[in-house]
Amino acid sequence: MADINHFEYGWITPALSYALSVLGSILGLVCAGRIRTARTAGQRAWWGLLSAWALGGTAIWAMHFMAMLGFAVDGTRIRYDVPLTAASTVIAVVAVGIGLAIVGTGRLNLVRLIAGGVFTGAGVASMHYTGMAAMRLNGSLGYDTIRVVLSVVIAVVASTVALWLAMTVRRGLAIFASALVMGIAVNGMHFTGMSALSVHPHERAGGVTGAEVSTLLVPIVVAVIFGVVGLLYALLAAPNDDDRAAAAYLDGRRVPEPAAATPVAAPDPVGLRARSTLGQPGTPFPSRRDTPRR
(Lines of atoms letter the chains of each structure in order from A and count residues from 1; the text may use other names and numbers.)
(Lines give C-alpha, C1' and ligand atoms only; values in the text may rest on other atoms or scores of the structure.)
Protein backbone atom coordinates (compact mmCIF):
# COMPACT_ATOMS: atom_id res chain seq x y z
CA MET A 1 0.00 0.00 0.00
CA ALA A 2 1.36 3.38 -1.02
CA ASP A 3 1.84 6.23 1.43
CA ILE A 4 -0.70 9.03 1.04
CA ASN A 5 -0.14 12.64 1.99
CA HIS A 6 -3.24 14.85 2.23
CA PHE A 7 -1.31 17.99 3.16
CA GLU A 8 1.66 18.09 0.80
CA TYR A 9 1.84 21.90 1.03
CA GLY A 10 1.05 22.10 4.73
CA TRP A 11 -2.03 23.96 5.90
CA ILE A 12 -2.21 26.26 2.87
CA THR A 13 -4.56 24.07 0.83
CA PRO A 14 -6.98 23.21 3.67
CA ALA A 15 -7.08 26.86 4.74
CA LEU A 16 -7.88 27.97 1.18
CA SER A 17 -10.46 25.23 0.77
CA TYR A 18 -12.18 26.30 4.00
CA ALA A 19 -12.13 29.95 2.88
CA LEU A 20 -13.73 28.98 -0.44
CA SER A 21 -16.43 26.96 1.29
CA VAL A 22 -17.25 29.85 3.64
CA LEU A 23 -17.31 32.39 0.77
CA GLY A 24 -19.55 30.18 -1.35
CA SER A 25 -21.83 29.53 1.62
CA ILE A 26 -22.25 33.25 2.32
CA LEU A 27 -23.12 34.00 -1.30
CA GLY A 28 -25.41 30.98 -1.50
CA LEU A 29 -27.30 31.91 1.67
CA VAL A 30 -27.78 35.50 0.53
CA CYS A 31 -29.06 34.35 -2.89
CA ALA A 32 -31.35 31.84 -1.20
CA GLY A 33 -32.79 34.67 0.87
CA ARG A 34 -33.76 36.41 -2.36
CA ILE A 35 -35.74 33.31 -3.36
CA ARG A 36 -38.14 33.91 -0.45
CA THR A 37 -38.73 37.54 -1.40
CA ALA A 38 -39.00 37.00 -5.18
CA ARG A 39 -42.35 38.05 -6.63
CA THR A 40 -42.44 35.93 -9.78
CA ALA A 41 -41.55 32.36 -10.70
CA GLY A 42 -38.84 33.63 -13.05
CA GLN A 43 -37.17 35.58 -10.26
CA ARG A 44 -37.30 32.56 -7.94
CA ALA A 45 -35.72 30.37 -10.62
CA TRP A 46 -32.99 32.95 -11.24
CA TRP A 47 -32.03 33.28 -7.58
CA GLY A 48 -32.25 29.51 -7.16
CA LEU A 49 -29.79 29.03 -10.00
CA LEU A 50 -27.37 31.56 -8.52
CA SER A 51 -27.66 29.98 -5.07
CA ALA A 52 -27.03 26.51 -6.53
CA TRP A 53 -23.94 27.77 -8.32
CA ALA A 54 -22.62 29.49 -5.18
CA LEU A 55 -23.21 26.50 -2.91
CA GLY A 56 -22.59 23.63 -5.33
CA GLY A 57 -19.94 25.23 -7.53
CA THR A 58 -17.95 27.32 -5.05
CA ALA A 59 -18.66 26.10 -1.51
CA ILE A 60 -18.52 22.40 -2.41
CA TRP A 61 -16.79 21.66 -5.71
CA ALA A 62 -14.16 24.43 -5.74
CA MET A 63 -13.39 23.57 -2.13
CA HIS A 64 -12.96 19.91 -3.13
CA PHE A 65 -10.55 20.75 -5.95
CA MET A 66 -8.53 23.14 -3.80
CA ALA A 67 -8.14 20.46 -1.11
CA MET A 68 -7.06 17.96 -3.79
CA LEU A 69 -4.09 20.18 -4.65
CA GLY A 70 -2.48 19.00 -1.42
CA PHE A 71 -3.16 15.32 -2.13
CA ALA A 72 -0.12 13.26 -3.14
CA VAL A 73 0.77 9.57 -3.39
CA ASP A 74 4.35 8.36 -3.01
CA GLY A 75 5.81 6.78 -6.13
CA THR A 76 3.34 8.12 -8.66
CA ARG A 77 2.13 11.38 -10.07
CA ILE A 78 -1.54 12.24 -10.26
CA ARG A 79 -3.50 13.43 -13.25
CA TYR A 80 -7.20 13.97 -13.83
CA ASP A 81 -9.75 12.90 -16.40
CA VAL A 82 -11.23 16.18 -17.66
CA PRO A 83 -14.75 14.91 -18.62
CA LEU A 84 -15.23 13.22 -15.22
CA THR A 85 -13.94 16.32 -13.44
CA ALA A 86 -16.42 18.48 -15.32
CA ALA A 87 -19.19 15.95 -14.59
CA SER A 88 -18.48 16.22 -10.87
CA THR A 89 -19.07 19.98 -11.10
CA VAL A 90 -22.41 19.49 -12.83
CA ILE A 91 -23.46 16.90 -10.24
CA ALA A 92 -22.77 19.29 -7.36
CA VAL A 93 -24.63 22.25 -8.89
CA VAL A 94 -27.63 20.19 -10.04
CA ALA A 95 -27.95 18.37 -6.70
CA VAL A 96 -27.99 21.62 -4.73
CA GLY A 97 -30.39 23.19 -7.23
CA ILE A 98 -32.88 20.35 -6.93
CA GLY A 99 -32.58 20.42 -3.14
CA LEU A 100 -33.36 24.14 -3.11
CA ALA A 101 -36.31 23.54 -5.42
CA ILE A 102 -37.68 20.89 -3.06
CA VAL A 103 -37.51 23.01 0.08
CA GLY A 104 -38.26 26.31 -1.63
CA THR A 105 -41.51 25.21 -3.31
CA GLY A 106 -44.44 25.82 -1.04
CA ARG A 107 -44.32 26.00 2.72
CA LEU A 108 -41.22 24.61 4.42
CA ASN A 109 -41.93 21.51 6.49
CA LEU A 110 -40.00 18.57 7.91
CA VAL A 111 -40.81 16.20 5.02
CA ARG A 112 -39.59 18.65 2.40
CA LEU A 113 -36.46 19.43 4.43
CA ILE A 114 -35.50 15.77 4.89
CA ALA A 115 -36.23 14.92 1.25
CA GLY A 116 -34.15 17.86 0.02
CA GLY A 117 -31.33 17.07 2.45
CA VAL A 118 -31.16 13.39 1.45
CA PHE A 119 -31.17 14.20 -2.26
CA THR A 120 -28.61 16.98 -1.94
CA GLY A 121 -26.38 14.98 0.40
CA ALA A 122 -26.39 12.02 -1.98
CA GLY A 123 -25.50 14.40 -4.81
CA VAL A 124 -22.63 15.93 -2.84
CA ALA A 125 -21.25 12.48 -2.00
CA SER A 126 -21.59 11.49 -5.67
CA MET A 127 -19.68 14.61 -6.65
CA HIS A 128 -16.88 13.76 -4.24
CA TYR A 129 -16.41 10.17 -5.35
CA THR A 130 -16.82 11.09 -9.02
CA GLY A 131 -13.98 13.56 -8.53
CA MET A 132 -11.93 10.82 -6.91
CA ALA A 133 -12.69 8.44 -9.77
CA ALA A 134 -11.32 11.09 -12.15
CA MET A 135 -7.83 10.62 -10.71
CA ARG A 136 -5.32 8.80 -12.89
CA LEU A 137 -2.25 7.27 -11.21
CA ASN A 138 -0.10 4.14 -11.21
CA GLY A 139 -2.20 2.23 -8.77
CA SER A 140 -5.70 1.05 -7.92
CA LEU A 141 -7.98 2.83 -5.48
CA GLY A 142 -9.64 1.15 -2.52
CA TYR A 143 -12.09 2.51 0.05
CA ASP A 144 -12.94 1.66 3.64
CA THR A 145 -16.67 0.97 3.68
CA ILE A 146 -17.35 2.33 7.17
CA ARG A 147 -15.67 5.66 6.44
CA VAL A 148 -17.43 5.97 3.10
CA VAL A 149 -20.80 5.48 4.81
CA LEU A 150 -19.78 7.99 7.48
CA SER A 151 -18.87 10.57 4.80
CA VAL A 152 -22.26 10.08 3.11
CA VAL A 153 -24.05 10.54 6.46
CA ILE A 154 -22.08 13.74 7.07
CA ALA A 155 -22.99 14.95 3.57
CA VAL A 156 -26.70 14.31 4.16
CA VAL A 157 -26.73 15.97 7.59
CA ALA A 158 -24.69 18.93 6.35
CA SER A 159 -26.93 19.35 3.31
CA THR A 160 -30.08 19.24 5.44
CA VAL A 161 -28.71 21.87 7.80
CA ALA A 162 -27.55 24.00 4.86
CA LEU A 163 -31.00 23.89 3.22
CA TRP A 164 -32.68 24.77 6.50
CA LEU A 165 -30.33 27.71 6.97
CA ALA A 166 -30.90 28.81 3.37
CA MET A 167 -34.64 29.02 3.98
CA THR A 168 -34.59 30.60 7.45
CA VAL A 169 -31.49 32.76 7.98
CA ARG A 170 -31.77 36.42 6.94
CA ARG A 171 -29.56 38.62 9.13
CA GLY A 172 -25.98 39.38 8.14
CA LEU A 173 -24.32 38.11 11.34
CA ALA A 174 -26.41 34.95 11.32
CA ILE A 175 -25.50 34.32 7.68
CA PHE A 176 -21.79 34.69 8.45
CA ALA A 177 -22.00 32.35 11.47
CA SER A 178 -23.98 29.82 9.42
CA ALA A 179 -21.37 29.97 6.64
CA LEU A 180 -18.61 29.19 9.16
CA VAL A 181 -20.52 26.11 10.32
CA MET A 182 -21.26 25.02 6.76
CA GLY A 183 -17.57 25.36 5.87
CA ILE A 184 -16.65 23.02 8.71
CA ALA A 185 -19.29 20.50 7.60
CA VAL A 186 -18.23 20.54 3.94
CA ASN A 187 -14.53 20.15 4.77
CA GLY A 188 -15.32 17.48 7.34
CA MET A 189 -17.20 15.47 4.72
CA HIS A 190 -14.35 15.85 2.21
CA PHE A 191 -11.52 14.76 4.50
CA THR A 192 -13.60 11.94 6.00
CA GLY A 193 -14.08 10.58 2.48
CA MET A 194 -10.40 11.08 1.70
CA SER A 195 -9.39 9.19 4.84
CA ALA A 196 -11.30 6.18 3.49
CA LEU A 197 -9.03 6.04 0.42
CA SER A 198 -6.15 3.62 0.00
CA VAL A 199 -3.87 3.26 -3.03
CA HIS A 200 -2.32 -0.04 -4.09
CA PRO A 201 0.53 0.67 -6.55
CA HIS A 202 0.92 -1.36 -9.72
CA GLU A 203 3.96 -3.61 -9.99
CA ARG A 204 4.92 -2.07 -13.32
CA ALA A 205 4.89 1.68 -13.67
CA GLY A 206 3.04 2.75 -16.79
CA GLY A 207 2.18 6.03 -18.42
CA VAL A 208 -0.42 8.13 -16.65
CA THR A 209 -2.88 9.85 -18.96
CA GLY A 210 -4.98 12.90 -18.20
CA ALA A 211 -4.54 16.56 -17.37
CA GLU A 212 -2.12 17.72 -14.73
CA VAL A 213 -3.28 19.80 -11.79
CA SER A 214 -1.39 22.85 -13.10
CA THR A 215 -3.30 22.56 -16.39
CA LEU A 216 -6.68 22.59 -14.64
CA LEU A 217 -5.77 25.13 -11.99
CA VAL A 218 -5.79 28.27 -14.17
CA PRO A 219 -9.22 27.75 -15.85
CA ILE A 220 -10.79 26.68 -12.56
CA VAL A 221 -9.44 29.71 -10.68
CA VAL A 222 -10.60 32.02 -13.47
CA ALA A 223 -14.07 30.41 -13.45
CA VAL A 224 -14.32 30.79 -9.66
CA ILE A 225 -13.27 34.45 -9.80
CA PHE A 226 -15.72 35.31 -12.56
CA GLY A 227 -18.44 33.33 -10.80
CA VAL A 228 -17.92 35.17 -7.50
CA VAL A 229 -17.76 38.56 -9.23
CA GLY A 230 -20.93 37.75 -11.18
CA LEU A 231 -22.75 36.72 -8.01
CA LEU A 232 -21.69 39.89 -6.22
CA TYR A 233 -22.82 42.02 -9.15
CA ALA A 234 -26.19 40.27 -9.28
CA LEU A 235 -26.70 40.80 -5.56
CA LEU A 236 -25.67 44.45 -5.62
CA ALA A 237 -27.70 45.29 -8.73
CA ALA A 238 -30.94 43.64 -7.60
CA PRO A 239 -33.27 45.66 -5.33
CA ASN A 240 -33.69 44.31 -1.82
CA ASP A 241 -36.52 44.74 0.70
CA ASP A 242 -35.22 48.12 1.87
CA ASP A 243 -35.04 49.40 -1.71
CA ARG A 244 -38.62 48.29 -2.38
CA ALA A 245 -39.84 49.89 0.86
CA ALA A 246 -38.09 53.17 -0.01
CA ALA A 247 -39.60 53.16 -3.51
CA ALA A 248 -43.08 52.52 -2.10
CA TYR A 249 -42.60 55.36 0.42
CA LEU A 250 -41.54 57.78 -2.32
CA ASP A 251 -44.51 56.77 -4.46
CA GLY A 252 -46.82 57.45 -1.56
CA ARG A 253 -45.29 60.88 -0.95
CA ARG A 254 -45.50 61.96 -4.58
CA VAL A 255 -48.18 64.66 -5.13
CA PRO A 256 -50.44 63.84 -8.09
CA GLU A 257 -50.43 66.37 -10.90
CA PRO A 258 -53.65 68.45 -11.12
CA ALA A 259 -55.95 67.63 -13.99
CA ALA A 260 -56.15 70.14 -16.84
CA ALA A 261 -58.99 72.64 -16.27
CA THR A 262 -61.87 72.52 -18.74
CA PRO A 263 -62.38 75.96 -20.39
CA VAL A 264 -65.59 77.63 -19.26
CA ALA A 265 -67.47 79.87 -21.70
CA ALA A 266 -68.19 83.47 -20.73
CA PRO A 267 -71.76 84.13 -19.59
CA ASP A 268 -74.28 85.11 -22.31
CA PRO A 269 -77.41 86.18 -20.46
CA VAL A 270 -79.40 87.53 -23.45
CA GLY A 271 -78.38 84.89 -25.98
CA LEU A 272 -76.43 87.19 -28.32
CA ARG A 273 -73.82 84.55 -29.01
CA ALA A 274 -76.40 82.22 -30.45
CA ARG A 275 -77.87 84.88 -32.82
CA SER A 276 -74.75 86.69 -33.83
CA THR A 277 -72.12 85.51 -36.23
CA LEU A 278 -69.60 88.02 -34.96
CA GLY A 279 -68.60 85.79 -32.09
CA GLN A 280 -67.61 82.95 -34.45
CA PRO A 281 -63.91 82.86 -35.31
CA GLY A 282 -63.20 83.50 -38.98
CA THR A 283 -66.57 85.16 -39.70
CA PRO A 284 -66.15 88.28 -41.92
CA PHE A 285 -67.42 91.57 -40.64
CA PRO A 286 -70.79 92.42 -42.25
CA SER A 287 -71.09 95.51 -44.43
CA ARG A 288 -73.94 97.51 -46.01
CA ARG A 289 -73.17 96.05 -49.44
CA ASP A 290 -74.19 92.68 -48.24
CA THR A 291 -77.59 93.99 -47.07
CA PRO A 292 -80.30 93.26 -49.70
CA ARG A 293 -82.18 96.33 -51.03
CA ARG A 294 -85.97 96.52 -50.99
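Quick note: the sequence shown uses numbering that gives the first Met the number 0, first residue 0, plus one each step. Yeah, the Cβ is synthetic: ideal placement off N, Cα and C, and Gly gets one too.
Measuring alpha carbon to alpha carbon, tell me which residue in the options is nearest residue i.
i: Ala-86; options: Gly-9, Val-168 and Gly-130; result: Gly-130
i: Leu-235; options: Ser-20, His-5, Ser-16 and Arg-33; result: Arg-33
i: Ala-114; options: Ala-124, Val-123, Leu-149 and Ile-101; result: Ile-101
i: Arg-146; options: Gly-98, Val-155, Leu-196 and Ser-139; result: Leu-196
i: Leu-179; options: Met-193, Thr-191 and Ala-157; result: Ala-157
i: Tyr-142; options: Thr-191, Thr-119, Ala-58 and Val-123; result: Thr-191
i: Ile-219; options: Val-81, Arg-35, Thr-39 and Gly-69; result: Val-81
i: Phe-6; options: Ala-237, Phe-70 and Met-181; result: Phe-70
i: Thr-214; options: Met-0, Phe-64 and Gln-42; result: Phe-64
i: Ala-1; options: Met-193, His-201, Met-126 and Met-181; result: His-201
i: Val-212; options: Val-168, Ile-224, Met-193 and Leu-68; result: Leu-68
i: His-127; options: Ile-153, Val-223, Arg-43 and Ala-44; result: Ile-153
For residue i and residue j, I'd like the C-alpha separation in whole angstroms.
i: Leu-83; j: Leu-249; result: 53 Å
i: Val-221; j: Val-228; result: 11 Å
i: Thr-88; j: Gly-251; result: 48 Å
i: Val-155; j: Ala-161; result: 10 Å
i: Gly-74; j: Leu-140; result: 14 Å
i: Trp-163; j: Arg-38; result: 21 Å
i: Thr-12; j: Leu-149; result: 23 Å
i: Thr-36; j: Tyr-8; result: 44 Å
i: Leu-109; j: Arg-76; result: 46 Å
i: Met-134; j: Thr-144; result: 19 Å
i: Ser-125; j: Ala-132; result: 10 Å
i: Asn-43; j: Pro-238; result: The residue you asked about is not Asn; residue 43 is Arg in the sequence shown. Their backbone Cα atoms lie some 14 Å apart in a straight line.
i: Ser-177; j: Tyr-17; result: 13 Å
i: Met-193; j: Gly-138; result: 16 Å
i: Arg-253; j: Trp-10; result: 59 Å
i: Ile-224; j: Ala-51; result: 16 Å
i: Arg-169; j: Trp-45; result: 19 Å
Assuming residue i and residue j are in contact, meaning their beta carbons sit under 8 Å apart, how far apart are those beta carbons, in whole angstroms?
i: Leu-136; j: Val-72; result: 6 Å
i: Ile-97; j: Phe-118; result: 6 Å
i: Ala-31; j: Leu-99; result: 7 Å
i: Thr-57; j: Gly-171; result: Incorrect: roughly 19 Å between the Cβ atoms, too far for contact.
Taking the CB atoms as reference points, tell me whether residue i and residue j lie closer together than 8 Å.
i: Gly-23; j: Ala-61; result: yes
i: Arg-78; j: Gly-206; result: no
i: Val-217; j: Ser-20; result: no
i: Leu-15; j: Ala-53; result: no
i: Ile-174; j: Val-29; result: yes
i: Gly-120; j: Val-151; result: yes
i: Leu-112; j: Ala-233; result: no
i: Met-181; j: Val-123; result: no
i: Met-166; j: Leu-230; result: no
i: Gly-116; j: Thr-159; result: yes
i: Ile-59; j: Val-198; result: no
i: Ala-55; j: Gly-103; result: Per the sequence presented here, residue 55 reads as Gly, with Ala not at that position. No. Outside cutoff.
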